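Read through the structure below, which is laid out as structure tokens, and then see the notes.
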């Protein structure tokens, strides 16, 4: 079974802190994604990566950066956390093959910024 | 703009009913369509993936259909149970090098 894990289920940080959210997948997937999910707004794509050391901006990249140094790991960085970044953060991965690119999600990290 | 719409936003049914969840998308040029389930406070669980060349996929009590020409997909749940209560999301991989586009989901409540 594909497994996507996220470093924390719940996280509480202070405004201005630098925050790291880690995501690891064990199925050798090329593609990895970071989303945030807020009530009424649905899933919004922050950043994604189609390969090691590659990154692409999603719909709402402002205030975030990412790192993909290894194929299995995709990190989301909040350079200076703000209260409006309080949200559920979801990581996902998928293979590149169009014949079988089912996307799998991690359990999510509920981040609260005080 | 490529969009995915799910109507209704919420649905409540009595236990045992067969039900259909709807998903529509704006462009028929797609690679595939995926249905997910999400329980409160949890991540998304993949239910079914339908390739553009397929008309339907089945898994247990779930059956998903795809009609590309009309830009529609349905998720049929047979003999619904309270454990089916969750939010169901539809996502489309449109042709071109773009990530999945998600609908906002339908929140299903199955009442015992």
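Chains as they are written, first to last, in my numbering: chain A, 1 to 114; chain B, 1001 to 1112.
We put the beta carbon where it would ideally sit given N, CA and C, even for glycine.
Here the structure is a predicted model, which means the values were calculated and not measured.
Proximity test, Cβ basis, 7 Å: residue i and chain B
i: residue 25 of chain A; result: no
i: residue 111 of chain A; result: no
i: residue 105 of chain A; result: yes
i: residue 11 of chain A; result: no
i: residue 76 of chain A; result: no
i: residue 90 of chain A; result: yes
i: residue 30 of chain A; result: no
i: residue 116 of chain A; result: Examination of residue 116 of chain A is not possible in this model, given that chain A is present from 1 through 114 alone.
Chain B residues whose Cβ lies nearer than 7 Å to that of residue i
i: residue 33 of chain A; result: 1099
Per-residue contacts from residue i into chain A (C-beta, under 7 Å)
i: residue 1031 of chain B; result: 98
i: residue 1057 of chain B; result: None at all; the shortest Cβ gap to chain A is about 11 Å.
Cut-off 6 Å between Cβ atoms - residues of its own chain near residue i, not counting five sequence neighbours on either side
i: residue 1021 of chain B; result: 1075, 1088, 1106
i: residue 112 of chain A; result: 12, 86
i: residue 1091 of chain B; result: 1034, 1100, 1102
i: residue 88 of chain A; result: 37, 108, 110
i: residue 33 of chain A; result: 48, 92
Cβ shell of residue i (< 7 Å), same chain only, five flanking positions each side left out
i: residue 61 of chain A; result: 46, 47
i: residue 1031 of chain B; result: 1052, 1093, 1095
i: residue 16 of chain A; result: 80, 81
i: residue 1069 of chain B; result: 1028
i: residue 1012 of chain B; result: 1109, 1111
i: residue 72 of chain A; result: 24, 25, 26
i: residue 1046 of chain B; result: 1034, 1036
Beta-carbon neighbours of residue i, restricted to chain A and to distances below 9 Å
i: residue 1105 of chain B; result: 42, 43
Chain-ordered neighbours of residue i on chain B, where CB pairs are closer than 8 Å
i: residue 108 of chain A; result: 1041, 1042, 1043
i: residue 102 of chain A; result: 1034, 1046, 1049
Within chain A, partners of residue i - CB distance below 8 Å
i: residue 1025 of chain B; result: Result: empty, since nearest Cβ-Cβ is about 15 Å, beyond 8 Å.
Residue-level contact to chain A via CB, residue i, 7 Å cutoff
i: residue 1102 of chain B; result: yes
Cβ-based neighbour list, residue i, same chain, cut-off 8 Å, excluding 5 preceding and 5 following
i: residue 18 of chain A; result: 77, 78, 79, 80, 81
i: residue 1056 of chain B; result: 1050, 1063, 1064, 1065, 1066
Touching by the beta-carbon criterion (3+ pairs, under 8 Å), the region 1076-1084 of chain B and the region 83-103 of chain A: no
Quick check: the region 1002-1011 of chain B against the region 102-113 of chain A, are at least 3 beta-carbon pairs closer than 8 Å? no
Given 8 Å, three or more beta-carbon pairs between the region 2-12 of chain A and the region 42-62 of chain A: no
Taking a Cβ distance cut-off of 8 Å, strictly less, list which residues of the region 1033-1057 of chain B are near chain A, in chain order. 1034, 1036, 1041, 1042, 1043, 1044, 1045, 1046, 1049, 1051
Which residues of the region 32-55 of chain A have a Cβ closer than 7 Å to any Cβ of chain B? Give them in chain order. 33, 42, 43, 45, 48
For the region 56-70 of chain A, list every residue whose C-beta sits within 9 Å of some C-beta in chain B, in sequence order. 56, 58
If contact means a Cβ-Cβ distance below 9 Å, which residues of the region 1059-1076 of chain B contact chain A? none
Using a Cβ-Cβ cutoff of 9 Å, what residues of the region 1086-1098 of chain B are near chain A? List them in chain order. 1089, 1091, 1093, 1097
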